[in-house]
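Its first residue numbered 1, the sequence shown is counted upward by one per residue in the UniProt record's numbering.
All residues carry an ideal CB built from backbone N, CA and C; glycine is no exception.
Notes to accompany the following structure.
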Amino acid sequence: MILFKTDTPEVTGAPAVAGGDGNIVITTLSILAAALTFCYCALLFCFTKDPFFMIMGTATALAYTCLLILVEMNKKSLAAICFLIVTNMAAMTLAIGKGAIVGETMLAVFLIIFTLLLFKQARTILISSIACVLVLLVIKLNFRTGFLRPIPVDGLQSVALFKDICAFCLFILTTSAVAFFSNHVNRLIKALKASNAALKKALDEKSVLSQVLSHEIRNPLHSLTGITEVLTKEIENKEVYLPLLEYMHDLNTSSSYAMSVVNNFLELEQSQRQQIQPEIFAPAEWLKGIARSFQYQADRKHVKLIVETDDEVPGFIYACKTSLNKIVINLVVNAIKFTRDNTVVTITLARQDDTLLLKVRDRGMGMSQEKMSRIFNLYETEQNSFLQGTGIGLYVAGTLSKVIGGSLILDSVESKGTTFTLSFPLIAAAAPPLKPVINEASLHGLKVLSIDDDSFSQKYLRRYFDDTGIQVKQAYSGKEGLEAAWEWQPDVILLDAFLGDMTGHEIIQQVQVLSPKSRIIIISGSACEKEQLRFLDEGAENYLLKPLPKKALFAAIGNEYTPGSIIGAAQAV
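Written out as structure tokens, the structure is:
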């Protein structure tokens with residue numbers, strides 16, 4: 001299925017004037033050239049009484065006039081070529097045959113401008129320009145050496161009047177050509193500016209649409225996550241409900257996969273302009289955490305996930321964990337999807353000089369060379385009975401690998417399996433300071449105000465706080481939330497970024513006046529980095545992304561996460 005398709009036009013040379021404008025250029029310059037050539041030859045006839053000049057002037061003028069017929073027939077390219085031929089032949093005949101002044105240097109300049117104006121193909125422009133220069137050189141050499149026909153020293157070349165007249169005629173032609181060229185360039189610039197403005201508007205609208213869709217899609221997923229966590233907690237220790245536990249796990253897997261699809265689509269817009277935000281983390285524990293989060297999906301196919309880390313890999317590294325999360329998650333999902341049942345998916349991390357090599361290997365059917373050449377293309381996908389993909393996961397992984405300064409390569413053998421190797425720069429780091437362990441008991445008595453107009457999200461968010469000792473109040477509109485903030489003075493405010501009556505930005509400004517000691521945590525369905533930074537700049541302590549697991553929520557309330565570090569939490573906890 002192809003959702004988007006863009007065609008990039010092939011650049012073949014300098015921009016030529018459009019069909020209608022090109023016809024106007026040829027018509028105008030042909031009429032001018034015919035009139036000026038006839039007048040110049042008539043003056044030469046009056047001075048020399050040689051009828052050749054009248055015949056030459058008349059014939060050349062008629063030749064230029066005939067070009068108008070080609071223009072009417074919409075044969076613009078043929079008319080332009082004939083214009084160059086007539087002009088060069090007339091110049092050589094007058095200069096070499098009769099020793100007349102033709103201003104060959106300025107004439108060559110005019111013809112090159114004419115060529116650039118009328119032709120699009122680089123090859124045609126090059127051939128035409130070379131031909132004009134050769135005519136110039138032949139006329140110059142013959143004037144100096146007489147190798148074709150000697151030119152008398154006291155002939156027409158010595159008459160200053162004809163030099164001035166010829167220069168004036170060529171000045172008119174060249175000025176006209178330059179005027180056309182300048183007008184054409186100005187129109188191109190205006191068209192380019194208009195196109196850029198339209199493109200910027202479209203990109204802005206796309207960004208807004210992505211934010212809105214992201215929020216609207218994440219809201220029900222957030223509710224679904226809350227429902228599954230609450231129900232799982234309710235039934236996991238009750239034997240009578242154990243048969244339902246598998247269905248709850250299935251529901252959780254499906255919602256997690258739906259979230260990964262949403263994240264991948266949003267990443268298409270953000271990956272090209274994403275800013276790298278490195279952090280210190282333990283790579284071995286990080287990979288084990290990812291493997292644990294996908295073990296249930298692997299168990300459905302009786303697949304074992306194995307994580308192997310070489311001893312040479314540092315205990316802590318400094319890298320963009322958020323981007324690495326997205327890359328590795330897509331690779332692991334892909335490996336589980338295509339590996340055979342009852343096999344192993346291996347995730348290995350090794351060091352090679354100043355580079356880390358992260359390999360994800362499956363034992364699937366492999367792929368052909370033809371398939372390998374297309375695998376990183378957008379929407380390239382294969383069907384699978386367990387999880388059907390959108391075809392963008394590997395595209396996102398490949399794009400993000402470049403964003404972090406690395407690369408993603410593929411090695412596959414048919415009937416044996418596939419290995420993806422991610423290489424990225426290694427920056428070893430010291431262990432970060434230990435963070436205080438946050439547990440629910442330590443938050444006893446904390447006052448939390450949740451402001452969200454989504455009743456489903458509110459309903460199951462409240463269940464997160466059952467039996468914790470945390471005091472919770474809920475408001476379903478911005479106005480109601482501000483009143484509660486003023487009256488109750490909460491310790492923490494969980495604020496939805498999009499409300500029906502007010503924006504999150506408006507609420508933050510007023511909360512800072514009404515309840516200045518409250519910590520504000522934004523809960524949003526939009527992963528827009530620009531929007532996140534704006535909220536943080538306005539005074540929000542953190543920015544959490546829906547759907548929000550309980551573990552991530554309590555970590556943020558307990559101030560365990562620094563701003564921005566939790567954006568990928570929903571994907572990688």
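> Beta carbon of Glu-57, beta carbon of Thr-27: below 8 Å?
Replying inline: Residue 57 is actually Gly in this sequence, not Glu. No, the Cβ-Cβ distance between Gly-57 and Thr-27 is not below 8 Å.
>> When you compare the CB positions of Phe-162 and Ile-101, do they come within less than 8 Å of one another, or not?
In response: At the C-beta level, Phe-162 and Ile-101 come within 8 Å of one another.
> Can you name the residues that DSSP bridges to Phe-143?
Replying inline: Bridge pairing for Phe-143: absent [DSSP].
> Is the region 471–489 in contact with the region 513–521, if contact means three or more CB pairs nearer than 8 Å?
Replying inline: The region 471–489 is in contact with the region 513–521.
> Shortest alpha-carbon distance to Tyr-296 belongs to which of Asp-250, Ser-412 and Ala-179?
Replying inline: Ranked by how close their Cα comes to the Cα of Tyr-296, the residues Asp-250, Ser-412 and Ala-179 have Asp-250 in first place.
> Assuming Phe-316 contacts Ala-282 under a Cβ cut-off of 8 Å, what Cβ separation, rounded to an integer in Å, is found between them?
Replying inline: Correct: roughly 6 Å between the Cβ atoms.
>> Which complete alpha helix (DSSP H) runs does the region 334–365 hold, if anything under 4 residues is left out?
In response: Qualifying alpha helix (DSSP H) stretches: none in this window.
> Between Phe-535 and the rest of its own chain, which residues show a CB-CB distance below 6 Å, the 5 nearest in sequence each way excluded?
Replying inline: If we look at Phe-535 and ignore the five residues flanking it on each side, its Cβ neighbours are Ile-522 and Tyr-543.
> Nearest-angstrom Cα distance between Asn-142 and Asn-186?
Replying inline: In a straight line, the C-alpha of Asn-142 is about 40 Å away from that of Asn-186.
>> Closest to Asp-353 by C-alpha separation, out of Ile-404, Ala-428 and Ala-34, would be which residue?
In response: Nearest to Asp-353 by C-alpha distance, out of Ile-404, Ala-428 and Ala-34, is Ala-428.
> Roughly how many whole angstroms lie between the Cα atoms of Ala-59 and Gln-121?
Replying inline: Using only the alpha carbons, I get a separation of about 31 Å.
>> Once DSSP output is grouped into helix, strand and coil, what is the label at Arg-519?
In response: Of the three classes helix, strand and coil, the one that applies to Arg-519 here is strand, per DSSP.
> Touching or not, the region 458–474 and the region 404–423, by the rule of three or more beta carbon pairs under 8 Å?
Replying inline: Taking one beta carbon from each stretch, the region 458–474 and the region 404–423 have fewer than 3 pairs nearer than 8 Å; the two do not touch.
>> Quick check on Gln-571: does DSSP put it in helix, strand or coil?
In response: Unreliable placement is indicated for Gln-571, whose pLDDT of 39 sits below 50; no coordinate value is reported for it.
> Per DSSP, Gly-417 forms a beta bridge with which residues?
Replying inline: Gly-417 is bridged by DSSP to Val-413.
> Mind checking Gln-532: buried by the 16 CB within 10 Å criterion, or exposed?
Replying inline: Buried is the call here.
>> Need the endpoints of the beta strand (DSSP E) that Val-159 sits in, please.
In response: No beta strand (DSSP E) holds Val-159; DSSP gives it neither H nor E.
> Just checking, does the region 330–342 make contact with the region 307–316 on the three C-beta pairs under 8 Å criterion?
Replying inline: No, they do not touch.
>> Please identify the residue among Ala-497, Arg-463 and Leu-134 whose C-alpha is closest to the C-alpha of Glu-538.
In response: Of Ala-497, Arg-463 and Leu-134, the smallest CA-CA separation from Glu-538 is found for Ala-497.
> If we call anything under 8 Å between Cβ atoms a contact, is Val-344 one with Ile-306?
Replying inline: For Val-344 and Ile-306, yes; Cβs fall inside 8 Å.
> At which residues does the beta strand (DSSP E) containing Glu-279 begin and terminate?
Replying inline: That run of the beta strand (DSSP E) goes 279–281.
> Lys-530: which of Leu-221, Ser-207, Val-109 and Ile-31 sits nearest, CA to CA?
Replying inline: Ranked by Cα distance from Lys-530, the options Leu-221, Ser-207, Val-109 and Ile-31 are led by Ser-207.
>> Counting only C-beta atoms, is Val-138 closer than 8 Å to chain B at any point?
In response: Absent from the structure: chain B. Only one protein chain is present.
> For the region 361–377 against the region 392–409, are there 3 or more C-beta pairs whose distance is under 8 Å?
Replying inline: At 8 Å Cβ cutoff, the stretches touch.
> So is Ser-182 buried or exposed if we call it buried at 16+ other beta carbons inside 10 Å?
Replying inline: Classification for Ser-182: exposed.
> According to DSSP, is Asn-186 helix, strand or coil?
Replying inline: Here Asn-186 sits in helix by DSSP.
> Looking only at DSSP bridge pairs, what is residue 580 linked to?
Replying inline: Here the chain covers residues 1 to 573 and nothing more, so residue 580 does not appear.
>> Strictly by DSSP, which residues pair up with Tyr-318?
In response: Ile-280.
> How is Asp-501 classed by DSSP in three states: helix, strand or coil?
Replying inline: Looking at Asp-501 - three-state DSSP - the assignment turns out to be coil, as it is neither helix nor strand.
> Assuming Ile-557 contacts Ser-518 under a Cβ cut-off of 8 Å, what Cβ separation, rounded to an integer in Å, is found between them?
Replying inline: Incorrect: roughly 12 Å between the Cβ atoms, too far for contact.
> Which same chain residues, not among the five before or five after Gly-478, have their C-beta less than 6 Å away from its C-beta?
Replying inline: Sequence-distant Cβ neighbours of Gly-478 in its own chain, meaning closer than 6 Å and more than five residues away, are Leu-499, Asp-501, Met-502 and Ile-507.
> Among the residues of its own chain, which have a CB less than 8 Å from the CB of Tyr-64, if the five just before and after it don't count?
Replying inline: Same-chain partners within the cutoff: Ser-30, Ile-31, Ala-33, Ala-34, Thr-37, Phe-83 and Val-86.
> Nearest-angstrom Cα distance between Leu-134 and Pro-152?
Replying inline: Rounded to whole angstroms, Leu-134 to Pro-152 spans 23 Å at the Cα level.
> Is Leu-553 helix, strand or coil by DSSP?
Replying inline: Looking at Leu-553 - three-state DSSP - the assignment turns out to be helix.
> How is Lys-200 classed by DSSP in three states: helix, strand or coil?
Replying inline: Reduced to three states, the DSSP call for Lys-200 is helix.
> How long is the line joining the alpha carbons of Leu-221 and Asn-252, rounded to whole angstroms?
Replying inline: If you take the alpha carbons of Leu-221 and Asn-252, they lie about 10 Å apart.
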